[in-house]
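2 protein chains.
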Amino acid sequence: MNMMVFEYGDHAIVVDCGIMFPDTELPGVDIIIPDISYLREIRDRIRAIILTHGHEDHIGALPYVLDEIDVPVYGTSFTLALVEPKLMEHGMEESVVLREMKPGAPFDLGPFHVELIHLTHSIIEAGGLAITTPVGTVIHTGDFKFDPTPMDQKQSDLHTLADYGRKGVLALFSDSTNVDRPGITPSERAVREGLSEIIAGAKGRVLISCFSTSVHRLQIVADLAHQYGRRLGFLGRSMDQIARITQQTGKLHVPPGLVAEPQELRKLPRSKVMMLLTGTQGEPMAALPRVAVNRHRAISLDPGDDVVISARVIPGNEKSIFRMIDHLYRRGAHIHYEDGSQPSVHVSGHGSVEELKLMLNLVRPRYFVPIHGEYRQLFRHMEIAQQVGPGAEEVFLLESGDVLEFDEEGARRADRVSVGRVCIDVGTFDEVGDVILKERRHISEDGIVIPILAINEHTGRLEVPPEIVSRGFVPMDEAMDLMESARQVIFKTLEVSNTEEIADWGVIKEKIRTALRRHFDQETGKRPMVLPVVLEV
Amino acid sequence: MNMMVFEYGDHAIVVDCGIMFPDTELPGVDIIIPDISYLREIRDRIRAIILTHGHEDHIGALPYVLDEIDVPVYGTSFTLALVEPKLMEHGMEESVVLREMKPGAPFDLGPFHVELIHLTHSIIEAGGLAITTPVGTVIHTGDFKFDPTPMDQKQSDLHTLADYGRKGVLALFSDSTNVDRPGITPSERAVREGLSEIIAGAKGRVLISCFSTSVHRLQIVADLAHQYGRRLGFLGRSMDQIARITQQTGKLHVPPGLVAEPQELRKLPRSKVMMLLTGTQGEPMAALPRVAVNRHRAISLDPGDDVVISARVIPGNEKSIFRMIDHLYRRGAHIHYEDGSQPSVHVSGHGSVEELKLMLNLVRPRYFVPIHGEYRQLFRHMEIAQQVGPGAEEVFLLESGDVLEFDEEGARRADRVSVGRVCIDVGTFDEVGDVILKERRHISEDGIVIPILAINEHTGRLEVPPEIVSRGFVPMDEAMDLMESARQVIFKTLEVSNTEEIADWGVIKEKIRTALRRHFDQETGKRPMVLPVVLEV
Numbered sequence: 002m003n004m005m006v007f008e009y010g011d012h013a014i015v016v017d018c019g020i021m022f023p024d025t026e027l028p029g030v031d032i033i034i035p036d037i038s039y040l041r042e043i044r045d046r047i048r049a050i051i052l053t054h055g056h057e058d059h060i061g062a063l064p065y066v067l068d069e070i071d072v073p074v075y076g077t078s079f080t081l082a083l084v085e086p087k088l089m090e091h092g093m094e095e096s097v098v099l100r101e102m103k104p105g106a107p108f109d110l111g112p113f114h115v116e117l118i119h120l121t122h123s124i125i126e127a128g129g130l131a132i133t134t135p136v137g138t139v140i141h142t143g144d145f146k147f148d149p150t151p152m153d154q155k156q157s158d159l160h161t162l163a164d165y166g167r168k169g170v171l172a173l174f175s176d177s178t179n180v181d182r183p184g185i186t187p188s189e190r191a192v193r194e195g196l197s198e199i200i201a202g203a204k205g206r207v208l209i210s211c212f213s214t215s216v217h218r219l220q221i222v223a224d225l226a227h228q229y230g231r232r233l234g235f236l237g238r239s240m241d242q243i244a245r246i247t248q249q250t251g252k253l254h255v256p257p258g259l260v261a262e263p264q265e266l267r268k269l270p271r272s273k274v275m276m277l278l279t280g281t282q283g284e285p286m287a288a289l290p291r292v293a294v295n296r297h298r299a300i301s302l303d304p305g306d307d308v309v310i311s312a313r314v315i316p317g318n319e320k321s322i323f324r325m326i327d328h329l330y331r332r333g334a335h336i337h338y339e340d341g342s343q344p345s346v347h348v349s350g351h352g353s354v355e356e357l358k359l360m361l362n363l364v365r366p367r368y369f370v371p372i373h374g375e376y377r378q379l380f381r382h383m384e385i386a387q388q389v390g391p392g393a394e395e396v397f398l399l400e401s402g403d404v405l406e407f408d409e410e411g412a413r414r415a416d417r418v419s420v421g422r423v424c425i426d427v428g429t430f431d432e433v434g435d436v437i438l439k440e441r442r443h444i445s446e447d448g449i450v451i452p453i454l455a456i457n458e459h460t461g462r463l464e465v466p467p468e469i470v471s472r473g474f475v476p477m478d479e480a481m482d483l484m485e486s487a488r489q490v491i492f493k494t495l496e497v498s499n500t501e502e503i504a505d506w507g508v509i510k511e512k513i514r515t516a517l518r519r520h521f522d523q524e525t526g527k528r529p530m531v532l533p534v535v536l537e538v
Numbered sequence: 002m003n004m005m006v007f008e009y010g011d012h013a014i015v016v017d018c019g020i021m022f023p024d025t026e027l028p029g030v031d032i033i034i035p036d037i038s039y040l041r042e043i044r045d046r047i048r049a050i051i052l053t054h055g056h057e058d059h060i061g062a063l064p065y066v067l068d069e070i071d072v073p074v075y076g077t078s079f080t081l082a083l084v085e086p087k088l089m090e091h092g093m094e095e096s097v098v099l100r101e102m103k104p105g106a107p108f109d110l111g112p113f114h115v116e117l118i119h120l121t122h123s124i125i126e127a128g129g130l131a132i133t134t135p136v137g138t139v140i141h142t143g144d145f146k147f148d149p150t151p152m153d154q155k156q157s158d159l160h161t162l163a164d165y166g167r168k169g170v171l172a173l174f175s176d177s178t179n180v181d182r183p184g185i186t187p188s189e190r191a192v193r194e195g196l197s198e199i200i201a202g203a204k205g206r207v208l209i210s211c212f213s214t215s216v217h218r219l220q221i222v223a224d225l226a227h228q229y230g231r232r233l234g235f236l237g238r239s240m241d242q243i244a245r246i247t248q249q250t251g252k253l254h255v256p257p258g259l260v261a262e263p264q265e266l267r268k269l270p271r272s273k274v275m276m277l278l279t280g281t282q283g284e285p286m287a288a289l290p291r292v293a294v295n296r297h298r299a300i301s302l303d304p305g306d307d308v309v310i311s312a313r314v315i316p317g318n319e320k321s322i323f324r325m326i327d328h329l330y331r332r333g334a335h336i337h338y339e340d341g342s343q344p345s346v347h348v349s350g351h352g353s354v355e356e357l358k359l360m361l362n363l364v365r366p367r368y369f370v371p372i373h374g375e376y377r378q379l380f381r382h383m384e385i386a387q388q389v390g391p392g393a394e395e396v397f398l399l400e401s402g403d404v405l406e407f408d409e410e411g412a413r414r415a416d417r418v419s420v421g422r423v424c425i426d427v428g429t430f431d432e433v434g435d436v437i438l439k440e441r442r443h444i445s446e447d448g449i450v451i452p453i454l455a456i457n458e459h460t461g462r463l464e465v466p467p468e469i470v471s472r473g474f475v476p477m478d479e480a481m482d483l484m485e486s487a488r489q490v491i492f493k494t495l496e497v498s499n500t501e502e503i504a505d506w507g508v509i510k511e512k513i514r515t516a517l518r519r520h521f522d523q524e525t526g527k528r529p530m531v532l533p534v535v536l537e538v
């Protein structure tokens with residue numbers, strides 16, 4: 002859910018616009034986007050949204066934000082190619098202005114002079130931003146690593162970082178994701194060796210699952226398929242889409258005749274088949290998880306086929322991933338994943354400690370702000386920055402909503418702005434409010450009980466005995482006795498209430514709610530939601 | 002949720018009786034116990050429940066199972082000491098027979114000759130079982146590692162394993178938990194070095210959180226407190242309880258004057274304070290998580306205090322643990338946990354690959370059955386067993402409910418027995434049935450809508466317009482319009498129904514449910530539970 006605002010005078014730019022995925026603590030929520038109350042406040046000042054790269058946690062909230070904040074979006078050609086289908090899904094492709102940006106081609110947005118600095122990451126065409134203002138230059142790294150041997154030979158632009166460092170940088174905002182890892186993150190090229198070893202030894206099909214946006218990895222797999230004389234298929238909606246876009250735009254190089262449709266693959270000998278699939282996180286509707294339970298239309302596994310999961314386990318997804326892996330084992334496949342005991346089938350896209358130090362040493366900022374990480378990671382990044390001499394004048398450990406103010410004299414914390422998360426039900430494009438979520442959680446803990454009273458509008462008396470329905474509370478067989486006793490509680494509550502109380506629905510409902518709550522707690526130890534309804538007949 | 006049944010003729014013994022902890026996919030469920038339908042079937046034949054050690058996943062379901070299956074329970078002195086408070090909690094301490102077992106003191110249960118073989122594990126007094134029957138001896142390892150330098154100098158009993166191996170073992174059932182780890186699991190002693198380094202450098206308080214049942218580790222911490230001239234406090238219910246039991250029974254050796262009550266600790270200089278706390282998994286009510294948010298009655302943290310989390314991250318708990326760690330950082334504490342970049346503050350209690358091979362080579366079983374692990378782990382353990390020469394005649398990859406049959410001729414799979422899980426709400430001791438869970442999940446996804454119809458019992462007509470209440474569905478402001486349109490749908494449904502349909506509540510309820518479901522899906526894209534109620538007035 003990355004998003005940062007830079008302001009100068011009456012002008013503002015927004016860097017990144019990401020989503021987060023919820024866990025099961027938020028039932029019925031599909032994605033989480035940033036609360037943009039503050040953007041609404043400064044709506045008139047915003048000049049642009051600038052995207053550092055095309056991962057969901059940097060671009061996913063665009064359709065929701067652009068719906069309210071109508072500004073141009075800047076990104077690299079590949080980043081914008083990933084944004085386009087999102088806008089189309091929401092019918093916004095006509096109304097939104099997309100502007101391509103390139104390293105070495107800086108541009109101005111009001112008082113901001115913005116230069117994209119190419120940096121390596123797991124996705125192609127990623128970069129940091131050097132934003133120069135009248136009070137100085139700030140550098141925002143985006144997500145990065147210093148891969149010395151990237152697949153496309155486009156190393157991180159150390160020279161431009163060094164130039165800025167020499168000229169003087171006011172503040173550096175730097176990625177903290179892998180601050181817990183010592184040393185240097187291995188090059189993407191290491192994956193080639195790991196995969197090559199597996200494919201060389203494979204007798205049956207080879208299925209490789211990775212993030213569809215990891216175009217470097219798609220290239221590695223395509224190269225290896227060619228080298229080992231296998232045809233290559235793309236399975237899963239986003240894999241198919243990105244394979245198409247990248248081939249059309251020359252970002253993925255595939256020799257003619259290599260790619261095969263799923264139908265063709267089915268007819269080929271197993272030893273001639275290789276596939277790239279979605280579903281590394283065990284998402285139930287993605288390609289690999291469906292293959293795992295033998296419910297994929299186009300492909301089934303035979304014992305001895307090789308399956309590679311070339312991605313990290315995103316925290317929270319352990320259960321669905323390992324469930325999928327267990328199913329793949331039941332199919333008799335050889336499974337290769339990051340468990341430490343295999344040749345490397347995945348490397349991270351984020352720099353480790355020594356790379357973070359290199360960034361600090363190149364940029365030599367006056368102020369340092371660790372970003373992209375949990376508090377403990379920002380804290381460690383702060384400690385690292387303090388070790389690196391000559392060192393920044395001050396490190397600011399900021400949390401979401403904190404404001405940092407720069408002027409001729411220096412930097413200091415200012416007031417906070419309002420931030421938070423907004424839960425979205427994708428099916429409806431709707432926000433799922435806190436009240437709704439609280440209700441769902443309450444009901445899902447102990448169920449719901451609805452006592453219904455038909456009260457005669459003239460006499461104020463019950464017309465018929467109260468009806469009580471419940472769900473998610475107690476099993477039917479126990480419910481009978483319990484509901485009978487609950488009915489007695491309602492009678493008793495009405496008996497001890499005077500006519501005025503009964504006439505006031507609010508009062509009588511609350512009295513019944515309280516009495517039943519106590520009754521259920523005593524009888525069952527449970528605290529269902531109790532929701533009395535009064536019908537005046 | 003470990004449990005295994007061994008049967009011979011009309012006799013059966015049950016090995017272990019564990020629970021599992023649920024994740025948020027099972028709302029309102031506190032623990033999961035095994036479905037014991039099969040134990041009920043063979044109730045009259047069961048001679049005993051034998052416990053290999055005292056961890057929850059081996060003993061936690063005892064009160065629930067003993068409630069129905071009344072048999073003696075065998076365990077080591079420490080294991081039984083952990084069982085006793087559980088029985089007391091359920092008022093069963095009088096009715097259950099506990100029998101202590103010791104290594105080197107075999108006993109008979111009908112045709113079963115049972116010998117406990119001491120093996121090292123993270124808990125003291127753990128072991129494997131050699132169960133000799135007329136058709137041969139089977140060995141069940143329980144959880145184990147081969148720690149060459151355990152804290153209490155009680156190494157795993159290699160000699161007895163070797164004796165059985167020489168005499169000939171029919172089948173080995175062996176722990177697969179760490180089959181993914183190459184080499185040998187470090188000795189518990191390694192933790193002493195890691196902790197010692199931290200304490201030597203500590204200026205303020207030192208708080209160490211570990212599982213209270215890890216008595217070796219409690220001993221290490223007590224020894225280090227003594228060595229570094231600090232007083233030691235025990236915080237958290239189970240930590241306090243186990244510290245007391247183990248000191249009384251001589252299993253934990255603490256010099257006089259070392260232990261301090263929390264009140265005393267508060268008055269001591271910070272550099273004289275050390276504490277052992279519960280809460281390694283971020284459980285909200287345990288000691289360390291409360292300290293982290295500064296809500297512990299007896300203790301608060303100051304910047305510069307050291308906090309050690311000396312335990313593994315149990316999968317599924319990542320979020321609550323890292324949330325706690327972030328809070329500890331906010332308190333300004335130095336945090337030490339297993340993140341790979343620290344001196345070792347935790348080692349596993351399960352043997353790695355080379356230890357699994359050693360077990361296989363010592364026991365040399367005719368048949369091998371990997372246990373304790375997910376399918377992928379059992380699979381890998383099978384592969385390892387196949388590598389180890391001379392090798393078992395056959396490896397059986399069994400899943401829960403599978404039955405393996407042995408006789409003079411050999412071993413083979415037999416019919417399965419019914420197994421499964423039973424969800425328990427601890428507050429009520431009650432089973433939470435599948436129907437209830439399904440209802441809760443449905444409601445928690447999209448909410449619930451209850452349309453209420455008061456129908457005149459004579460005319461079959463509505464007495465008043467239908468009342469509709471909903472929870473967890475749409476926000477109040479949208480609900481008004483939506484409920485009005487839903488009311489129209491109900492009117493229309495009644496209009497097109499004939500009198501017989503209306504007279505039959507089942508039919509009319511179903512028609513309304515179907516119509517409203519379609520209506521809500523069209524209008525909101527959501528599928529709440531729709532629960533019509535008809536009141537005859």
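Those protein sequence lines, which keep their order, are chains A and B. When we follow the working numbering, the leftmost residue of the first sequence carries the number 2, and every step to the right adds one. When we follow the working numbering, the leftmost residue of the second sequence carries the number 2, and every step to the right adds one. Even for Gly, the Cβ is constructed at its ideal location relative to N, Cα and C.
Discussion item. Run through chain A and tell me which residues come within less than 9 Å of Y165/B, C-beta to C-beta.
Written reply: Chain order gives no chain A residues near Y165/B, where near means a beta carbon separation below 9 Å; the closest approach is about 30 Å.
Discussion item. Just to check my reading of the structure: T142/B and M383/B have Cβ atoms closer than 8 Å, yes? What is that Cβ distance to the nearest angstrom?
Written reply: Here T142/B is actually not in contact with M383/B; their C-beta atoms are around 15 Å apart, not less than 8 Å.
Discussion item. Assuming I125/A and V216/A are in contact, meaning their beta carbons sit under 8 Å apart, how far apart are those beta carbons, in whole angstroms?
Written reply: A Cβ-Cβ separation of about 5 Å places I125/A in contact with V216/A under the 8 Å criterion.
Fill in: Residue of E410/B, E400/B, H122/B minimising C-alpha distance to D416/B
Comparing Cα positions, the closest option is E400/B.
Fill in: Residue-chain proximity (M530/B, chain A), Cβ-Cβ < 8 Å
Interface residue, yes.
Worksheet item: So which residues on chain A does E537/B lean against when the C-beta distance must stay under 7 Å?
Response: Result: V465.
Discussion item. I'd like the span of the alpha helix (DSSP H) that includes H119/A, first residue to last.
Written reply: Note, H119/A: premise wrong, no alpha helix (DSSP H); beta strand (DSSP E) at 113-119.
Worksheet entry | Meets three-Cβ-pair contact criterion under 8 Å: the region 322-333 of chain A and the region 289-308 of chain A | Contact holds: three or more Cβ-Cβ distances are below 8 Å.
Practice prompt. On a CA-only basis, which of R472/B, V470/B, R313/B, D482/B is nearest T281/B? Give me that one, please.
Written response: When each option's Cα is compared against that of T281/B, the closest is R313/B.
Worksheet item: Is T138/A helix, strand or coil when you go by DSSP?
Response: Reduced to three states, the DSSP call for T138/A is strand.
Discussion item. Cβ closer than 8 Å: which chain B residues qualify as neighbours of Y330/A?
Written reply: Chain B residues near Y330/A: Y376, R377, F380.
Practice prompt. Would you kindly work out how many angstroms separate the C-alpha atoms of D71/A and L63/A, rounded to a whole number?
Written response: Approximately 11 Å, taken between the alpha carbons.
Worksheet item: Between which two residues does the alpha helix (DSSP H) carrying L540/B extend?
Response: Any answer about residue 540/B is impossible in this case: the structure gives chain B only from 2 up to 538.
Worksheet item: At which residue ranges does the region 57-89 of chain B contain complete alpha helix (DSSP H) runs of 4 or more residues, listed in the order of the chain?
Response: Runs of the alpha helix (DSSP H) inside the region 57-89 of chain B: 57-60, 63-67.
Worksheet item: Beta-carbon of D36/B versus every beta-carbon of chain A: anything under 8 Å?
Response: No, D36/B does not count as interfacial toward chain A.
Discussion item. List, in chain order, every chain B residue whose beta-carbon is nearer than 9 Å to that of P316/A.
Written reply: Listed along chain B, the residues sitting closer than 9 Å to P316/A by beta-carbon distance are E319, K320, F323.
Discussion item. Check whether chain B comes within 8 Å of G600/A, counting only Cβ atoms and requiring the distance to be less than that.
Written reply: Residue 600/A lies beyond the range of chain A shown here (2 to 538); nothing can be said about it.
Practice prompt. For G473/B, return the contacting residues in chain A, with the cut-off set at a CB-CB distance below 7 Å.
Written response: Residues of chain A passing the Cβ test: I437, E440, R441, I444.
Item to complete: List in chain order: all unbroken beta strand (DSSP E) runs of 3+ residues lying wholly within the region 241-327 of chain B.
Response: Here the runs fully enclosed are 274-278, 307-310.
Worksheet item: Does the region 197-214 of chain A touch the region 349-365 of chain A, meaning 3 or more C-beta pairs lie closer than 8 Å?
Response: Under the three-pair Cβ rule at 8 Å, the region 349-365 of chain A does not count as touching the region 197-214 of chain A.
Worksheet item: When you compare each of R190/A, G421/A, K273/A, P183/A to A201/A by their alpha carbons, which one comes out closest?
Response: Comparing Cα positions, the closest option is K273/A.
Item to complete: Measure the C-alpha to C-alpha separation of N499/A and R519/A and round it to an integer number of angstroms.
Response: Approximately 21 Å, taken between the alpha carbons.
Worksheet entry | Chain-ordered neighbours of A455/A on chain B, where CB pairs are closer than 7 Å | Within 7 Å Cβ-Cβ: A455, L536, V538.
Worksheet item: Among A163/A, S177/A, S78/A, E189/A, which has the Cα closest to the Cα of H54/A?
Response: For the residues A163/A, S177/A, S78/A, E189/A, the minimum Cα distance to H54/A belongs to S78/A.
Worksheet item: From this set, G473/A, E458/A, V433/A, which residue's C-alpha is nearest K439/B's C-alpha?
Response: When only C-alpha atoms are compared, the closest one is G473/A.
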